[in-house]
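Student:
Numbering (our numbering), first residue to last: 4 to 165.
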């Protein structure tokens, strides 16, 4: 699997995958990240998946996606996504579940073979920091996008669909 982070630009994806293919690199699965705040519309996601599948003849998987369940911050690290939201969806538990459903449906309809949520368990709790040298003393910038709230309760609306 070769993973690129810039699902917002089909031109960039083509540049990268054309480049590695020209160098003889072989891969089995084309992997992309998709965060609507950085990578644009669901239509953009759809078109990119369709193009990459057809161009390279490889299955496509979305290996990273996430959406905030709150705009608040629970630790000492600033949130990677604070006020940004997409598609008119609020930063709430129901909004997080809705955006994830839409990403899964879009990816499936474009022919992707799967979608992974990143990072579902990275909520604000001691021992879950980003810095290995200070794991208990650091927070993370993803605490408002985990599928668990700050008390460890899972978002009941988030569903992984086949």
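Just so you know, even glycine gets a beta-carbon here, dropped at the ideal spot from N, CA and C. Keep in mind it's a predicted model, so treat the numbers as computed, not measured.
Got a sec? Which residues, its chain only, sit under 6 Å from residue 11 by beta carbon, not counting five neighbours each side?
Tutor: The answer, listed in chain order, is 42, 43.
Student: Counting beta carbon pairs with one atom in the region 131–148 and one in the region 77–93, are three or more of them shorter than 8 Å?
Tutor: The region 77–93 vs the region 131–148: in contact.
Student: Can you list, in chain order, the residues of its chain with a C-beta nearer than 7 Å to that of residue 86? Leave out the 5 residues immediately preceding and following it.
Tutor: Excluding sequence neighbours, residue 86 sits near 74.
Student: If we call anything under 8 Å between Cβ atoms a contact, is residue 113 one with residue 53?
Tutor: Cβ atoms of residue 113 and residue 53: closer than 8 Å.
Student: Just curious, the beta strand (DSSP E) that residue 10 is in, first and last residue?
Tutor: Counting along the chain, residue 10 falls outside any beta strand (DSSP E), and DSSP gives it neither H nor E.
Student: Given a threshold of 16 other Cβ atoms within 10 Å of its Cβ, counted over all protein chains shown, does residue 78 qualify as buried or as exposed?
Tutor: Answer is buried; the Cβ neighbour count reaches 16.
Student: Report back the beta-carbon spacing between residue 103 and residue 120 to the nearest angstrom; my notes put them in contact at under 8 Å.
Tutor: Yes, residue 103 and residue 120 are in contact; Cβ-Cβ is about 7 Å, under 8 Å.
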